[in-house]
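Undergrad:
Residue numbers (UniProt numbering): 1 to 178.
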């Protein structure tokens, strides 16, 4: 009894959540249904070019398959390497975490192009190689200066150094005589 009450509360919460409703409606209205085995790349044929482009939600002029000597063989489209960090951050994406819209075809190497990985397509203000060279030059300069200045102490001692001598008591743990 308690289990059915818990399930009914969960289903009511899911119905109140608009994102769950929108996803359910979108997935049920898709043709073909969004199951993984339906998206497996098949053999490419020239005569089905428009049909394959429609399968991947691309315009037939923009659709270009991989050639036979590349790493992906089949009808999967050859897309440009543009990571999510290079896309417009203010565009209202359907999946804002990945900066991806619904039915947008993913690149074949999508898993390595996240925002927490290398950002493909981003124009950096400073070239990364130049930035690495500047960092290395700065570190070498700091280490060189610290090595050259090491013999000259920055703090001048106020008292003479106390070296241990025989029969001389520098300190004791006995209480002071008053």
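The C-beta atom is built at its ideal place from N, Cα and C for all residues, glycine as well.
(1) Within this structure, are the beta carbons of residue 57 and residue 105 separated by less than 8 Å?
(2) Name the two residues that bound the continuous alpha helix (DSSP H) containing residue 129.
(3) For residue 112 and residue 94, I'd like the C-alpha separation in whole angstroms.
(4) For residue 65, which residues does DSSP report across the bridge?
(5) On the premise that residue 75 lies in contact with residue 47, defined as a C-beta separation below 8 Å, what is that separation, rounded to the nearest angstrom?
(6) Please go through the segment 85-127 and give each complete alpha helix (DSSP H) segment of 4 or more residues, from N-terminal end onward.
(7) Just confirm the distance between the C-beta atoms of residue 53 and residue 63, as a whole number of angstroms; I'd bet it's less than 8 Å.
(8) Got a sec, what are the start and stop residues for the alpha helix (DSSP H) residue 50 sits in?
(9) My guess is that residue 60 and residue 78 are in contact by the Cβ rule of under 8 Å, so how many angstroms apart are they, rounded?
(10) Can the beta-carbon of residue 108 be found less than 8 Å from the beta-carbon of residue 85?
(11) With distance defined between alpha-carbon atoms, name the residue in 45, 130 and 101 nearest to residue 68.
(12) Look up residue 152 in the DSSP assignment and say whether it is helix, strand or coil.
(13) Who are the Cβ neighbours of residue 82 in its own chain at under 7 Å, not counting the five residues just before and after it?
TA: According to the structure shown:
(1) Walking along the chain shown from the start, residue 57 turns up at place 57. Walking along the chain shown from the start, residue 105 turns up at place 105. Yes, the pair counts as a contact, with Cβ atoms nearer than the cut-off.
(2) For the purposes of this step, residue 129 is identified with residue 129 of the chain shown, where counting begins at 1. Here the alpha helix (DSSP H) through residue 129 covers 128-149.
(3) Numbered from 1 along the chain shown, position 112 holds the residue referred to as residue 112. Numbered from 1 along the chain shown, position 94 holds the residue referred to as residue 94. If I take the Cα positions, the gap works out to 21 Å.
(4) Looking up residue 65 in the chain shown gives position 65. Its beta-bridge partners are 77.
(5) Start at 1 with the first residue of the chain shown, and residue 47 comes out as number 47. Start at 1 with the first residue of the chain shown, and residue 75 comes out as number 75. Going by Cβ atoms, the distance from residue 47 to residue 75 rounds to 12 Å, so no, they are not a contact pair.
(6) none
(7) Your numbering for residue 53 matches position 53 in the chain shown. Your numbering for residue 63 matches position 63 in the chain shown. Indeed they touch by this definition, with Cβ atoms about 4 Å apart.
(8) Sequence index remark: in the chain shown, residue 50 carries index 50 (1-based). Per DSSP, residue 50 belongs to the alpha helix (DSSP H) from 49-55.
(9) Stepping through the chain shown from its first residue, residue 60 is reached at position 60. Stepping through the chain shown from its first residue, residue 78 is reached at position 78. With a Cβ gap of about 14 Å, residue 60 and residue 78 do not count as contacting.
(10) By 1-based counting over the chain shown, the position of residue 108 is 108. By 1-based counting over the chain shown, the position of residue 85 is 85. No, the pair does not count as a contact, with Cβ atoms beyond the cut-off.
(11) Position 68 of the chain shown, counted from the start, is the residue given in the question as residue 68. Residue 45 is the option with its Cα nearest to residue 68.
(12) Here the question's residue 152 lines up with position 152 in the chain shown. DSSP places residue 152 in coil when its eight states are reduced to three.
(13) As a first step, residue 82 must be located in the chain shown, where it is residue number 82. Same-chain partners within the cutoff: 120 and 121.
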